[in-house]
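Residue numbers (the numbering used here), protein chains in the order written: chain U, 836 to 1162; chain F, 92 to 424.
Ideal Cβ placement from N, Cα and C applies to all residues, glycine included.
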Amino acid sequence: MAPGLAEPVLVIEELKVEFRRGRVATTTVREVSLTVALGECLGIVGESGSGKSQIFLAAIGLLAANARASGSARFIGTELLSAPRATLNAVRGSRLTMVFQDPQSALTPHLKIGVQMAEVLVRHRGLSWRDAEAAALAMLRRVKIADPERRLRQYPHELSGGMRQRVLIGMSLLCEPDLLIADEPTTALDVTVQAQVLELLCAMRQEFRMGVVLISHDFAVVAGLADRIIVMYAGRVVESATAAELFARPRHPYTAALMQCAPDLAAAPTPRMSTLSGQPPDPDARIDGCAFAPRCSNASPRCRIERPLLQSIGAAAQLACHHPLPI
Amino acid sequence: MSEPLLRVRHLRVEFPAARDPFTAQVFAAIDDINFELAAGETLGLVGESGSGKSTLARALLRLVPAARGEVLWRGRDLLAMQASELRRIRRDLQMVFQDPLASLDPRMRIREILAEPLKIFEPSLNARELQLRVERMLERVGLAAGLAERYPREFSGGQCQRIAIARAMMPDPKILICDEAVSSLDVSIQGQIVNLLHDLQQELGMALLFISHNLGVVRHISHRVLVLYAGSAVELAPRDRLFDAPAHPYTRELLTAVPAAHRARPPMARAQAPGEAARLDETSSGCVFSGRCVHRQPQCLASAPHLEQISAQHWVACHRWRQLASPPPPFDG
């Protein structure tokens, strides 16, 4: 971390996540290190299976039962990976919260919105139910839900997808967290509702001065919000830079190709869309060189035998590529 | 344009509105939908969740009953056809769904999945011919013929969608309906599927009805675009016209909501359009979009605008399109 930046809330070092099935071990996250500072929004971009969600599921102890995480994930000085459940439970849902892709399955279907929200404050802050419900109502107002009194008494299925995601964001903010992790928070939503939810996240981040991690497969989603972006491929960080730098001058061929995949309404339409040929490697496959080499137009024989290491390029950027794009 | 393959007129689909099954109240999921689809053409169908996109697609195939209207297939009304005749025609109207894995039977091998439509529509084929057709189609959608003995779970989402497209193309349809066919895929894979559909269309000449909420993708593949809001058609225009000079306030809102991946930027300042898609309320007589529209005037609440032709092939349903018409773009260069 460069000097002069705000203190980090989350420091992940050399994180590795492995899944075991019988005698076979599949590694989904390899040697990932990153930090998130207070007030900062870190974007994590990668395709399905790149390990982008697993990093944070490992950090908050929500990995599947057959998964093992090693390395370190420190949240304001507390090591989370080896922490007992009681420590995790004190942190999760209050100072460190997460919003998931599917707002329907993240809410309990048979509990009213008001009860689910109030429960957070009763559990973590020891508030009375009456005070907790009042705070829940105030939060629904802050996340700009229309007719909040009525919503408190409704069940999740009575709300639209966009409204449910607002409720979940509100719920994740009740204890004024230091870090909010949003994993594909808008993927299930319409484009107009997506824009509203992203705006809400942006406003809340300023209001609460918390760190935000925004995970997406789509550069377009993180473009408006992230200060820094980390690009993941096959379980590894392949490039990281400030958002402005990354969009202006992507150095890794994968970053540039993935950016091109999102259609640009400002450019003239072509009958064929830009694509990345092929698909990400099978997580079980043994890879000696660069994992992206089979899909890379810049790849040389060296890329297939020698894995490029992640190296600093400038003050705030890192890159793992033998043949980066010219500046 | 040549005689259309498909002509949809005044199509309306109703669902029960009330929780109480004994009341006869209904709401219209789609109402008064009119469009044509020519051979080899791609019509994009855009709108938010609940706008009736999928209901419209299903009604065309009679997977949901229509309350009113006609679906003319080469001049004959599909909605009035006997079931036996409809079954024969269904080979010409195939569909690809959003969730590629859920739309493939997990216990069938790819070879069986692709052969099934042919067994139904061309029962005279022998085993060897079937195998040949399956292998040829697999290669055509970019999968090795050797994969035919595998099961769906052994494939990624993008590959499953290729298989679903291959299955739909097996009986050589004249129209392929794609209902959010790329929405559950990674951005990096969406382009592959869109390009595959484009290539198949160039080669085989089928018409595409491409339903998506992703305007960027729709823009690549469509010749014309129909915009739905709360079950009503609000705008229909050739692709470039719709994206360069949208006439309906809702179309404009959709376009400004699309995030751009090509530059970091602060979230765009947008016309305030609070709230979400309304259901078509039978009691209101005004414009379906009036509840959300920033340009609303008393007339918009009083009466519903009808689709009105504003230039060649460009139709819009808005009382105020003239006042709201964007000024011509400044001379560039």
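Could you pull out every unbroken alpha helix (DSSP H) segment of at least 4 residues lying fully inside the segment 301-359 of chain F, listed in chain order?
-> Uninterrupted alpha helix (DSSP H) stretches at least 4 residues long and entirely within the segment 301-359 of chain F occur at 306-312, 330-335 and 340-348, given in chain order.
Exposed or buried, F/ASN217, counting other C-beta atoms within 10 Å across all chains shown (16 or more means buried)?
-> It is exposed - the Cβ of F/ASN217 has fewer than 16 other Cβ atoms within 10 Å.
Going by DSSP, name the residue or residues bridged to F/CYS269.
-> Bridge partners of F/CYS269: F/VAL187 and F/PHE301.
Where in the segment 138-167 of chain F do unbroken runs of the beta strand (DSSP E), each at least 3 residues long, occur, reported from the N-terminal end onward?
-> Taken in chain order, the complete beta strand (DSSP E) segments of 3 residues or longer contained in the segment 138-167 of chain F are 159-164.
If the cut is a Cβ gap below 8 Å, which residues of chain A does F/ASP277 touch?
-> Among the protein chains in the structure shown, which are U and F, there is no chain A.
Taking all protein chains shown into account, do 16 or more other C-beta atoms lie within 10 angstroms of the C-beta of U/ALA1126, making it buried, or fewer, making it exposed?
-> Result: buried.
Residues of chain F with a CB under 9 Å from the CB of U/ARG1107: which are they?
-> Those within 9 Å of U/ARG1107 in chain F are GLY282, VAL285, ASN286, HIS289, ASP290 and HIS311.
Contacting residues, own chain, Cβ-Cβ under 8 Å from U/LEU1049 (five flanking each side not counted) = Counting only residues of its own chain and dropping the five nearest sequence neighbours on each side, U/LEU1049 has a CB closer than 8 Å to the CB of CYS876, LEU877, GLY878, ILE879, ALA1017, PRO1020, LEU1036, VAL1056, VAL1057, LEU1060 and ALA1061.
Would you please state the rounded distance, in angstroms, between the beta carbons of F/SER303 and F/VAL379? I believe it to be under 8 Å.
-> About 21 Å; that fails the 8 Å criterion.
Under 9 Å between C-beta atoms, does U/LEU1100 make it to chain F?
-> Interface residue, yes.
Rounded to whole angstroms, what's the CA-CA distance from F/ARG200 to F/ASP277? Just pull it up for me.
-> C-alpha separation (whole angstroms): 25 Å.
Min CB distance U/LEU1093 to chain F below 9 Å = Yes, because at least one Cβ of chain F sits closer than 9 Å to the Cβ of U/LEU1093.
Could you please give me the residues that DSSP links to F/PRO107 through a beta bridge?
-> Bridge partners of F/PRO107: F/VAL117.
Consult DSSP for U/PRO843 and reduce its assignment to one of helix, strand or coil.
-> In this structure, U/PRO843 counts as strand in the three-state DSSP scheme.
Step through the CB atoms of chain F and report whether any lies within less than 9 Å of the CB of U/GLN1114.
-> U/GLN1114 counts as touching chain F.
Three or more C-beta pairs closer than 8 Å, one from the segment 1111-1124 of chain U and one from the segment 284-302 of chain F: is that the case here?
-> Here the segment 1111-1124 of chain U makes no contact with the segment 284-302 of chain F; the two share fewer than three CB pairs at distances below 8 Å.
Proximity below 9 Å, CB of U/ASN1133 to CB of U/LEU1160 = Yes, these two residues count as a Cβ contact at 9 Å.
Pull up the distance between the alpha-carbon of U/PRO991 and that of U/HIS945, whole angstroms please.
-> So the alpha carbons of these two residues sit roughly 8 Å apart.
Compare the C-beta of F/GLN250 with all C-beta atoms of chain U and state if any pair is closer than 9 Å.
-> Yes, because at least one Cβ of chain U sits closer than 9 Å to the Cβ of F/GLN250.
Can you name the residues of chain F whose CB is closer than 8 Å to the CB of U/LEU877?
-> The contacting residues do not exist; U/LEU877 stays about 13 Å from chain F at best.
So who's on the other strand from U/GLN1146, going by DSSP bridges?
-> Partner(s): U/LEU1154.
C-alpha gap between U/VAL1166 and F/GLU294, whole angstroms = Lying before the first or after the last residue shown, residue 1166 of chain U is absent from chain U, which here runs from 836 to 1162.
Test item: CB-CB of U/MET974 and U/GLY996 under 9 Å | No, they are not a contact pair.
Would you report the Cα separation of F/GLU399 and F/ALA206, rounded to the nearest angstrom?
-> If you take the alpha carbons of F/GLU399 and F/ALA206, they lie about 46 Å apart.
Stretch-stretch touch, CB-based, cutoff 8 Å, three pairs: the segment 1104-1114 of chain U with the segment 267-286 of chain F = Judged by Cβ distances under 8 Å, the segment 1104-1114 of chain U makes contact with the segment 267-286 of chain F, as three or more pairs qualify.
C-alpha distance - U/THR870 paired with U/VAL864, whole-angstrom precision = U/THR870 and U/VAL864 have their C-alpha atoms roughly 16 Å apart.
Which residues share a DSSP beta bridge with U/GLU1074?
-> Bridge partners of U/GLU1074: U/VAL1066 and U/LEU1154.
Minimum C-alpha distance to U/LEU1033 - residue among U/VAL934, U/GLY906 and U/ARG1130 = Minimum Cα distance to U/LEU1033 is reached at U/VAL934.
Between F/LEU445 and F/LEU184, what straight-line distance do the alpha-carbon atoms span, to the nearest angstrom?
-> Outside the displayed span of chain F (92 to 424) sits residue 445 of chain F, for which this structure offers no information.
Quick one: Cα of F/ARG370 to Cα of F/GLY143, how far?
-> With a pLDDT of 49 at F/ARG370, under the threshold of 50, the modelled position of this residue cannot be trusted; read the value that follows with caution. Cα-Cα distance, rounded: 10 Å.
Chain U beta carbons: is any one of them nearer than 9 Å to that of F/ARG332?
-> With 9 Å as the cut-off, F/ARG332 does not count as an interface residue toward chain U.
Return no unless some Cβ of chain F is closer than 9 Å to the Cβ of U/PRO1104.
-> So, interface residue.
On the DSSP bridge assignment, give the partners of U/MET933 in chain order.
-> By DSSP's assignment, U/MET933 forms a beta bridge with U/ILE1016.
Going by other Cβ atoms of all chains shown within 10 Å of its Cβ, with 16 needed for buried, is F/PHE113 buried or exposed?
-> F/PHE113 should be labelled exposed.
Alpha carbon to alpha carbon, how far is U/VAL1002 from U/ALA1023? Give it in angstroms, no decimals.
-> If you draw a straight line from the Cα of U/ALA1023 to the Cα of U/VAL1002, it is about 15 Å long.
Over what stretch of residues does the alpha helix (DSSP H) that includes U/HIS959 continue unbroken?
-> Unbroken alpha helix (DSSP H) run through U/HIS959: 948-960.
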